[in-house]
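Inspection log for the structure reproduced underneath, given as C-alpha cells.
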Amino acid sequence: MASSSVLPHIPEANRVPFQLGTYVCVVEVTAYFYDWLWSISDECKIMSRAGLTLSVGVYLLSRISTAGQLLMIAVLLCKVLSLARAADDGSRVTRARGALGFLRGRYG
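Take the sequence shown: its letters are residues 0 to 107, numbered as in numbering that gives the first Met the number 0.
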C-alpha cells in the first residue's frame with residue numbers, strides 16, 4: 000500500500016521532529032524579516048544622521064549575514080526535501096516498471 004505521508008522518505012520516528020524543525024525555520028525567517036521591515040525606517044534615519052560609521056557598518060553586516068544565514072538554511076532545507084522527494088518518485092517509477100514487466104511476462 001502506498002504511503003499517505005507527506006514525508007515518505009523520512010523514517011516514522013523522525014517525521015515529527017523534522018516537521019517541527021521546518022516550522023521553526025519558517026517562523027524564524029518570517030519573524031526576522033518582519034522585524035527588519037518594521038525597523039528599516041529607523042535604521043535609515045540613524046544612518047542619515049550619523050553616516051556610515053564603523054559601529055553602524057558592523058551592525059548592518061551582522062543583520063545582512065544573519066538574513067543570509069537564515070535564508071540559506073531555508074533553501075537547503077527545501078533542497079533536501081526536493082531531492083528526497085525526487086528520489087522517492089524515482090523509486091516509485093522503478094517499482095511500477097517492475098510490476099508492469101511482471102504482468103507482461105505473466106499474462107503477455
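Note that beta-carbon positions come from the ideal geometry of N, C-alpha and C, so glycine has one too. Just so we're clear, the structure is a prediction, and the values are computed from it rather than from any experiment.
- Three or more Cβ pairs closer than 8 Å define a contact, and the region 49 to 61 falls short of that threshold against the region 17 to 27.
- Per DSSP, reduced to three states, the secondary structure at I9 is coil, with no helix or strand assignment.
- In the three-state DSSP reduction, L75 falls in the helix class (H, G or I).
- When rounded, the separation of the alpha-carbon atoms in V74 and E27 is 13 Å.
- Secondary structure at L36: helix, using DSSP grouped into helix, strand and coil.
- Within the model, the alpha-carbon separation for C43 versus Y31 is close to 17 Å.
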